[in-house]
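What follows is a set of notes on a single structure, which appears directly below.
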Amino acid sequence: MTPDRAERDKTDGVRVPPDAIYLDYQATTPTDPRVVEAMMPYLVQRFGNPHSDAHVFGQEASDAVERAREQVAALIGAEAREIVFTSGATESNNLAIKGASRFLKARRDKLVTVATEHKCVLESGRALIAEGLELTILPVERDGLVDLDRLRAAVDERTALVSIMAVNNEIGVVQDLAAIGAIARAAGALFHTDAAQGFGKIPLDVGAQAIDLMSISGHKIYAPKGIGALYVRRRPRVRLEPLFSGGGQERGLRSGTLAPALIVALGEAAEIAGREMGAEAARLADLAASFLARLGPGVTVHGDRTRRIPGNLNIGFDGVRAQDLMAVVPDLALSVGSACTSAEVEPSYVLSALGLDNQAAASAVRIGFGRFTTEAELRRAADRLRGAVAGLRAPGLQPVLERATSFMD
Amino acid sequence: MSSFVFLDHNATTPVRPAVIAAMMAVLGEAGNPSSVHAQGRAARRRVELARCQVAEAIGLPAGGDIVFASGGTEANHLALRGLKAPGRILISAIEHDCVRAAVPDAALIPVTADGLVDLAALERLLQGGAGLVSVMAANNETGVIQPIADVVRLAHAAGALVHCDAIQIVGKAPFDMAALGVDLATVSAHKLGGPQGMAALALAPKVPVRALTTGGGQEKGYRAGTENVAGIVGFGLAIEAAVAELDAYQRLAIMRDWLAARLLAIDPQAIVFGADAPRVANTLSIAMPGVKAETQVMAFDLAGIGLSAGSACSSGKVRTSHVLTAMGVPPEVAQSAIRISLGRDTNDTEIDRMIEAWATLRTRTARSAA
């Protein structure tokens, strides 16, 4: 982007309100202090380049990277050497989808995905059309889940790759990965899952779920932004064409100097997630239930009510526009749709894919909570929302609203 | 053992304490720069401030772009593979591995015995037509500073754009993209006191580059993926500090030259590469003839000194340096070359340790040869 002091200064006045409640855990999470502590030594003293392992510093960094690889692998039932570190889930998705499709192009030239995937998956798929591949984008049901019969019918001997996300970033629904994996495998196609929103939150097993490629994100599970991983099956071996080549790091799949501090952080975050997943899921499910109860009637939850991660609620407040709602509760960090599309005014394509009309889609807000969200915060957030919604539904409020909205802009 | 002496700063250099402190603070914040709520906008502001810091440090031409990437390799790839319709590509024979790998079909511009890109040869190559010329600003192994202004003059006259891998020069010697007329430049954070896993591609206005990774439309569509906010903040602070300290950094040249003189005095057969060319202040490429570089690296490691044979990426493999080979150094000499690269905190005691270790190794190997 063009650096522009004036542009920067426009945001000079940005102050996070002191009583702000962060409810956007699907966009990103704060880094867990335990993770910061784990990565700190690799920023401070152990500054070796992990590829010059001839000397002590390099060796320490290299050991730390390999330990992190094991920590990440352990969480998904993989082997350490099947983990390739990347700069994040977007890169992982690009590498998996473009890399596998390009490698298999001569033998299999079809790619199957679904309409509610993250933008980077859909964009990667579209980029491949220009290279002669055929892209099938399947619809989802009203609950956000893919219809397995429809998938079975779409996957054939020409299909190189089936790419279906583990957990949706906007509505939190969990796809039936084992069934999808079995369908892909039966047709001899590879199964890639974008698990950016699932890794560390729900149990994943590359064996039981027949997953060949899995994208992993750090900053969705309390590690920093800028680190991710791609699981690449070794038996039978999945081959990829790298996005960039060079020093030959990461088995030649991903060149470039690795950042030990970031990798250590991802490993630590994975280990904590594995250890605390059960208790955390139970706590968040309780929080979600009491939050919903406190909101009262006139609320629609989008996506399947049971097959979902507990830290996400995509909620429509009947008759209230989400943007109006957000304008009157600036202390609540909510979002409409995903972060990548949050500046757009179009209704969410994910909600449209569920069959919601424009008005219903425009009334939806995404509420994401997680490890550092307290019960008190959610109580206050629910009360703030209930009050704001009641106000917005009351007649004669439009002029006030206009002012509030223009102030926000 | 007394403390380890790290003389491999061209591979990576410690993160500045102020940078670490700033990054720690940012890590604790929630906020995706693409989000519109206050936390998101606060993160956006941090990213845009750093973008200005990077732009000012390298003299980005007005209206140009800074694209943050996960490292030098990615940024170089974005430049060389992302440039639309580049036509024939010329790269110097001493480019980093990742540049060579990004454009394996590129024609190589030879270098002189001093390690300087051969301008007469470049002129001849340009007559065959070219759309892009890629020459690094300073070489990672020899530290030799390339005549970029001349490269740009010749390339532009022939209608070619110029990409400059400036990773090894920024923070060590002046680099001004606008003054030089460079069209694309790569700069990396961890070579100048910023964190690993962070770099930028700088683009002059209207340089047509297409993204390698597609998705959320971040970085004006040049590079998808949630921004590494803490890394970007660290990069911005580090590059600002490094460029502000450029004058002070030049003291390393005195230390480096003293070191070279002492090593040559101990072993008159030793050869310093690029000694007659302008070099960044911290780099010394030197051969101890008759002793394999791997042997030296291991011996120095045992003596508590970290340095490398050739560049870090190739130090795991036993391979003759393509840089020295391009300078016409015979293989047996090139295979005995090591790279000593000082850092901003390197002190005289550490230099003495290096001299002592070199003398010990020279005596031991001379004895075993006899």
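Those protein sequence lines, which keep their order, are chains V and X. So in the numbering used here, spot 27 of the first sequence is number 27, and the numbers just go up one at a time. To convert a position in the second sequence, counted from 1, into the numbering used here, add 1000. By construction, the Cβ of each residue, glycine as well, lies at the ideal position given by its N, Cα and C atoms. Note that the coordinates shown come from a computational prediction; the quantities given were computed from them, not determined experimentally.
Among the residues of chain X, those whose CB is under 8 Å from the CB of proline 30 (chain V) are Leu1027, Gly1028, Glu1029, Ala1030, following chain order. Chain order gives the chain V residues near leucine 1212 (chain X) as Asn94, Leu243, Phe244, where near means a beta carbon separation below 8 Å. Its Cα nearest to that of aspartate 1183 (chain X), the residue X:Pro1208 stands out among X:Ile1169, X:Pro1208, X:Gly1197, X:Ala1173. Residues of chain V whose Cβ lies closer than 7 Å to the Cβ of proline 1195 (chain X) are, in chain order, Leu43, Ala259, Ala261. Per the coordinates, the alpha-carbon of valine 174 (chain V) lies some 19 Å from the alpha-carbon of tyrosine 231 (chain V). Just so you know, the alpha carbons of leucine 1119 (chain X) and histidine 1322 (chain X) end up roughly 19 Å apart. At a beta-carbon threshold of 9 Å, the residues of chain X lying near arginine 15 (chain V) are Ala1038, Ala1042, ordered along the chain. Taking 8 Å as the threshold, the shortest C-beta distance from glycine 278 (chain V) to chain X does not fall below it.
Here leucine 332 (chain V) carries a strand assignment [DSSP, helix/strand/coil].
For the pair alanine 68 (chain V) and leucine 266 (chain V), the CB atoms are nearer than the 8 Å cut-off. Spanning the alpha carbons of alanine 1018 (chain X) and glycine 200 (chain V) requires a straight line of approximately 32 Å. DSSP, reduced to helix, strand and coil, places glutamate 117 (chain V) outside both helices and strands of the structure shown, so it counts as coil. Residues are counted here when their Cβ sits less than 9 Å from a Cβ of chain V; for the region 1090-1119 of chain X these are His1096, Asp1097, Cys1098, Val1099, Arg1100, Ala1101, Ala1102, Pro1104, given in chain order.
Annotation for arginine 1339 (chain X): the continuous beta strand (DSSP E) segment containing it runs 1337-1341. Methionine 214 (chain V) is bridged by DSSP to V:Thr193, V:Tyr231. For isoleucine 1286 (chain X), the closest of X:Arg1364, X:Val1333, X:Leu1246 by C-alpha to C-alpha distance is X:Val1333.
Here the C-alpha atom of alanine 1025 (chain X) lies approximately 11 Å from the C-alpha atom of glycine 1234 (chain X).
Separation of the CB atoms of arginine 81 (chain V) and arginine 234 (chain V) is rounded to 7 Å, and the pair is thereby assigned contact status at 8 Å. Closest by C-alpha distance to alanine 382 (chain V), out of V:Gln359, V:Ala333, V:Glu346, V:Leu356, is V:Ala333. In the displayed model, isoleucine 1254 (chain X) falls within a helix according to three-state DSSP. In chain order, Met1, Pro3 make up the part of chain V whose C-beta sits under 7 Å from the C-beta of arginine 1051 (chain X). Taking the Cβ atoms as the reference, tyrosine 222 (chain V) lies roughly 6 Å from arginine 371 (chain V), within the contact range of under 8 Å. In the structure shown, valine 1152 (chain X) adopts helical secondary structure according to DSSP, grouped into three states. In the DSSP assignment, asparagine 169 (chain V) falls outside any beta strand (DSSP E) and carries neither an H nor an E. Between isoleucine 1066 (chain X) and chain V, the shortest Cβ-Cβ separation is below 8 Å. Here threonine 1213 (chain X) is not bridged, per DSSP, to any residue.
By alpha-carbon distance to alanine 269 (chain V), the top candidate from V:Val299, V:Thr300, V:Leu243, V:Gly228 is V:Gly228.
When X:Asn1347, X:Ala1211, X:Ala1179 are compared, the shortest CA-CA separation from lysine 1084 (chain X) is found for X:Ala1211. Distance between threonine 1142 (chain X) and aspartate 1150 (chain X), taken at the CA atoms: about 20 Å.
With contacts defined as CB atoms closer than 8 Å, alanine 1107 (chain X) and arginine 1124 (chain X) fail to qualify as a contacting pair. At a C-beta separation below 9 Å, proline 330 (chain V) has these neighbours in chain X: His1037, Ala1038.
For leucine 1203 (chain X), the pairing in a beta bridge is given by DSSP as X:Asp1065, X:Leu1184. Taking every protein chain shown into account, the CB of tryptophan 1258 (chain X) has fewer than 16 other CB atoms within 10 angstroms, so this residue is exposed. Beta-bridge partners assigned by DSSP to cysteine 1164 (chain X): X:Ala1185. Here DSSP, grouped into helix, strand and coil, assigns tyrosine 22 (chain V) to strand. No Cβ-Cβ contact shorter than 8 Å links proline 330 (chain V) with proline 18 (chain V).
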